[in-house]
Structure formats: C-alpha cells, structure tokens
Amino acid sequence: MKSLAILSFLLFFFNYTAEAKVYKDIKVGTYQATIDLNDYAGQPFFEVMKNVIYPAINEEAAKQTAPDHLTGIKNGEGVEVSLGRDVTTFHVKYKADHELEVERSGRSFGVVGAGSVKKYVADASYKHYLNTLEAVLAGNDKDVRAFYSAIIKVMADSDARELAALKTEYKQVAADFVAIYVAEQYRRLTATKGSHLGSNHQWDDALVQVTLLSAFHSGQTKMTMFYEGEFTAKVFNQNECLYNAPADVRRATVAKRDAVLYDYWQFTVRSECPGRSGVNLTRRDFEKLGTALTKVQFGAIKGWDLGADYNKNFFKAATAELLEGKFAYKATDYTKTLVDVLMTVRAQANAITATLAK
C-alpha cells in the first residue's frame with residue numbers, strides 16, 4: 007500500500023506540473039457557487055481568498071460527483087471565481103481541508119470567452135504557463151505593462167477590471183496565472199484550516215516571484231539565469247534529471263541547450279526521476295537572481311520607504327506583501343510603483359545581464 011501511495015503522489019505532481027490540457031469551445035454548466043471578484047474590489051485578494059473563496063471551495067468539496075475534472079466543469083461543479091465578462095476561473099474536485107491529501111487534490115482552469123461556450127479552457131501546467139508567459143512578454147512595452155498591472159491589481163486589491171482591456175493572448179495567460187494562484191493559495195491555507203498561510207507548500211510564492219522576475223528575462227536578448235547557482239545561458243533538458251545533481255557522471259557528456267523561461271520548472275533528483283516537479287524546486291536560483299538584481303539595479307526605491315527587505319531582494323519582498331495584501335501604501339500606488347520597477351528592469355535587462363556575467 008505504501009508503494010501505491012508513493013506512486014499516486016508522483017503521478018499527481020508529474021501530471022499537474024508537466025502536462026497541460028487546453029480545450030477549445032467547451033460548453034460549461036451553470037455555476038451555483040460563483041464569486042465575482044470585482045464585488046470585492048478594494049480588498050486585498052488574500053482577504054477575499056481567506057474569507058470567501060477558501061470557504062466556498064471547502065464547502066463544495068462534498069457536492070461534486072463528476073468522474074473527472076472536465077465533466078465537472080460541464081456540470082458546473084466546484085467554484086467559479088469570475089474576473090470579468092469573458093475571463094474567469096473554475097476550481098474543480100478539490101477536497102475539503104479535513105480530508106487526507108487535500109493539498110494534492112483539485113484542478114484549476116483559466117477560462118476566456120463570453121457566454122456558455124468558452125473558447126479557451128486551460129488546465130494549465132507550470133510548463134505551459136511559463137511557455138505562454140514567455141511568449142506574451144515578447145510583446146511591446148505597452149502590452150507587457152498592461153499585463154503586469156492587471157495581474158498585480160488582482161492580487162493587491164481584487165480589482166480585475168484591467169483584464170478586460172488586454173489582448174486575447176494576454177487574457178489567457180492572466181487567467182491561467184489567477185487559476186494557478188488560487189489553487190496554490192488554497193493548498194497552502196489547508197495546512198492551517200484557512201486561518202493563515204502556512205509555512206509548507208509555498209508554491210504560490212514561487213509562482214509570483216518567477217512571474218515578476220520574468221520581466222527581466224523578457225528584456226534580455228539571450229535568456230541568462232541563475233542555474234545551479236551560476237549565471238548562465240546554458241542548461242540541461244529537464245528530462246535528463248541532472249539539475250542539482252553534481253555527482254551524476256552523465257553531466258560530463260550530456261549536452262546543454264539554451265535556457266528558456268520554463269527552466270524555472272524542474273524535476274527533483276530521485277531514483278524514480280522524473281518524479282515530483284515544480285517551480286519551487288528552483289527557489290535558490292530565482293531568489294539569487296532577485297537578490298542580484300536588487301543589488302545591481304535598485305537599492306532603495308527613491309521616494310518610497312518600502313522597508314529593509316526590499317533592499318535585500320525587491321522581488322521576494324514584493325511577493326510576500328502581495329500574498330497577504332499588506333502594504334505600507336495604497337494598493338493603487340503600490341501597483342504602479344511595482345510595475346514601474348518591472349518595466350525598468352526589463353528596459354535595462356541587457357546592461358544588467360552584462361554586469362552579472364562579469
């Protein structure tokens with residue numbers, strides 16, 4: 007039985023984080039448990055998550071009978087967190103917080119399309135999210151700024167109105183981001199029965215930090231990242247299972263390739279590799295990049311006393327405040343400042359890369 011439990015664990019993480027399923031023109035059922043996020047505009051998202059979304063997902067756990075996630079969506083099961091007329095998210099087949107392995111349960115879908123037939127319904131993996139994020143961040147500054155402003159305002163004060171003005175491809179990535187974010191916050195909250203963010207399963211934190219740091223990578227002519235502690239443009243393919251495996255003799259012969267954004271998603275190095283995977287596994291590397299960028303580019307943000315943590319790692323500190331909605335300034339002002347920083351680091355990415363590569 008123990009071996010079956012381990013196999014189930016591995017299959018869940020492999021499927022959730024490695025494989026994406028994107029459906030087109032799906033007729034969805036009418037959701038009874040619908041939360042319109044814009045009804046709570048002005049409140050930090052975490053407060054809405056803790057007081058409204060989390061209890062709803064918890065309560066709906068016992069009411070779902072569909073054999074699979076897509077059928078659940080077609081039946082209107084689970085919880086809908088609506089972000090606007092044509093952007094929404096569905097959260098299906100999550101267990102309640104008193105059930106075993108609740109943190110491994112459920113799927114969240116980013117959805118774009120008005121009416122009952124949705125043009126885009128994505129069970130987004132991290133690899134899919136990072137691939138599509140990289141693609142849209144290759145766009146012009148106006149579109150990239152609008153994208154970051156829209157998703158940060160969702161986190162900062164539950165205001166999703168800016169999503170409506172995004173181009174379709176940006177809406178899709180934004181919907182996937184919010185869907186994954188809700189999923190990871192729910193899983194993290196289950197450890198404390200919804201009272202506060204626990205110290206385990208900090209997948210929401212990893213998601214946000216990497217999303218913010220992606221602004222830097224989007225400005226680079228050639229993607230260069232911290233990989234196993236080294237600032238480099240070359241990495242191993244994930245399926246080689248060589249990330250952070252210094253003792254593996256294959257490292258001397260396996261060829262590396264150019265880095266891409268989804269290299270922030272990796273497998274653990276285990277005998278059954280590929281096994282557990284995710285963005286959180288590269289935490290040492292993406293936090294090292296955040297610290298390096300802060301040292302090279304920022305220091306204190308002129309005119310803003312954001313605190314000592316921001317002067318150590320701006321991106322980590324911003325993520326921590328976004329996750330719990332604790333700001334020293336108004337959310338609208340904070341959002342603009344954060345987006346300005348992201349666009350500055352994007353604009354100066356090649357110069358910063360040259361400095362870090364020395």
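Numbering follows this note's numbering, with no gaps: position 27 of the sequence shown is 33. Glycine residues also receive a C-beta, built at the ideal position from the N, C-alpha and C atoms.
Same chain only: Cβ atoms within 7 Å of residue i, ignoring 5 sequence neighbours per side
{"i": "residue 306", "result": "Any reading at residue 306 needs caution, since the residue's pLDDT is 45, under 50, leaving its predicted position unreliable; the model's value is listed next. Same-chain partners within the cutoff: 317."}
{"i": "residue 348", "result": "154, 218, 221"}
{"i": "residue 345", "result": "151, 154, 155, 158"}
{"i": "residue 287", "result": "272, 274"}
{"i": "residue 130", "result": "26, 116, 182, 185, 186"}
{"i": "residue 125", "result": "30, 31, 118, 119"}
{"i": "residue 372", "result": "The requested residue 372 is not part of the displayed model; the chain covers only 7 to 364."}
{"i": "residue 33", "result": "80, 122, 123"}
{"i": "residue 145", "result": "none"}
{"i": "residue 49", "result": "163, 164"}
Cβ neighbours of residue i in the same chain (closer than 8 Å, five flanking residues each side left out)
{"i": "residue 11", "result": "Model confidence at residue 11 stands at a pLDDT of 37, short of 50, so the residue's coordinates are unreliable and nothing is read from them."}
{"i": "residue 39", "result": "62, 65, 66, 84, 85, 86"}
Start-to-end residues for the beta strand (DSSP E) that takes in residue i
{"i": "residue 294", "result": "First-last for residue 294: 289-299, but that is the alpha helix (DSSP H), not the beta strand (DSSP E)."}
{"i": "residue 224", "result": "From DSSP, residue 224 is part of no beta strand (DSSP E) but of the alpha helix (DSSP H) over 209-224."}
{"i": "residue 229", "result": "No beta strand (DSSP E) contains residue 229, which DSSP labels as neither H nor E."}
{"i": "residue 129", "result": "126-129"}
{"i": "residue 42", "result": "40-42"}
{"i": "residue 237", "result": "236-238"}
Residue i versus the options, residue with shortest Cα-Cα distance
{"i": "residue 226", "options": "135, 217, 354, 199", "result": "354"}
{"i": "residue 294", "options": "336, 32, 346, 234", "result": "234"}
{"i": "residue 133", "options": "173, 85, 182, 33", "result": "182"}
{"i": "residue 90", "options": "130, 167, 139", "result": "167"}
{"i": "residue 371", "options": "180, 103, 289, 146", "result": "The structure shown does not extend to residue 371, since the chain is modelled only from 7 through 364, so no value can be given for it."}
{"i": "residue 350", "options": "147, 55, 136", "result": "147"}
{"i": "residue 263", "options": "289, 314, 251, 230", "result": "230"}
{"i": "residue 88", "options": "43, 206, 54, 135", "result": "43"}
{"i": "residue 213", "options": "123, 188, 79", "result": "188"}
{"i": "residue 177", "options": "193, 160, 191, 190", "result": "160"}
{"i": "residue 289", "options": "208, 138, 135", "result": "208"}
{"i": "residue 337", "options": "240, 51, 297", "result": "51"}
{"i": "residue 319", "options": "296, 327, 340, 332", "result": "296"}
{"i": "residue 169", "options": "203, 95, 105", "result": "95"}
{"i": "residue 136", "options": "223, 340, 228, 36", "result": "223"}
{"i": "residue 45", "options": "59, 35, 36", "result": "59"}
In DSSP terms, what residue i is bridged to
{"i": "residue 94", "result": "88, 117"}
{"i": "residue 321", "result": "The partner list for residue 321 (beta bridge, DSSP) is empty, contrary to what the question assumes."}
{"i": "residue 33", "result": "123"}
{"i": "residue 272", "result": "284"}
{"i": "residue 182", "result": "Residue 182 is not bridged to any residue."}
{"i": "residue 263", "result": "241"}
{"i": "residue 27", "result": "129"}
Beta-carbon separation (whole angstroms), residue i vs residue j, contact threshold 8 Å
{"i": "residue 142", "j": "residue 175", "result": "6 Å"}
{"i": "residue 302", "j": "residue 362", "result": "7 Å"}
{"i": "residue 111", "j": "residue 101", "result": "4 Å"}
{"i": "residue 216", "j": "residue 292", "result": "6 Å"}
{"i": "residue 70", "j": "residue 78", "result": "6 Å"}
{"i": "residue 358", "j": "residue 299", "result": "7 Å"}
{"i": "residue 203", "j": "residue 194", "result": "5 Å"}
Beta-carbon proximity list for residue i, same chain, < 6 Å, skipping 5 on both sides
{"i": "residue 171", "result": "none"}
{"i": "residue 47", "result": "164, 165"}
{"i": "residue 248", "result": "242, 254, 257"}
{"i": "residue 108", "result": "101, 196"}
{"i": "residue 75", "result": "98, 99, 113"}
Start and end residues, alpha helix (DSSP H) containing residue i
{"i": "residue 64", "result": "60-66"}
{"i": "residue 249", "result": "Here residue 249 belongs to no alpha helix (DSSP H), and DSSP marks it neither H nor E."}
{"i": "residue 154", "result": "147-163"}
{"i": "residue 135", "result": "132-142"}
{"i": "residue 359", "result": "355-363"}
{"i": "residue 75", "result": "75-81"}
{"i": "residue 53", "result": "51-54"}
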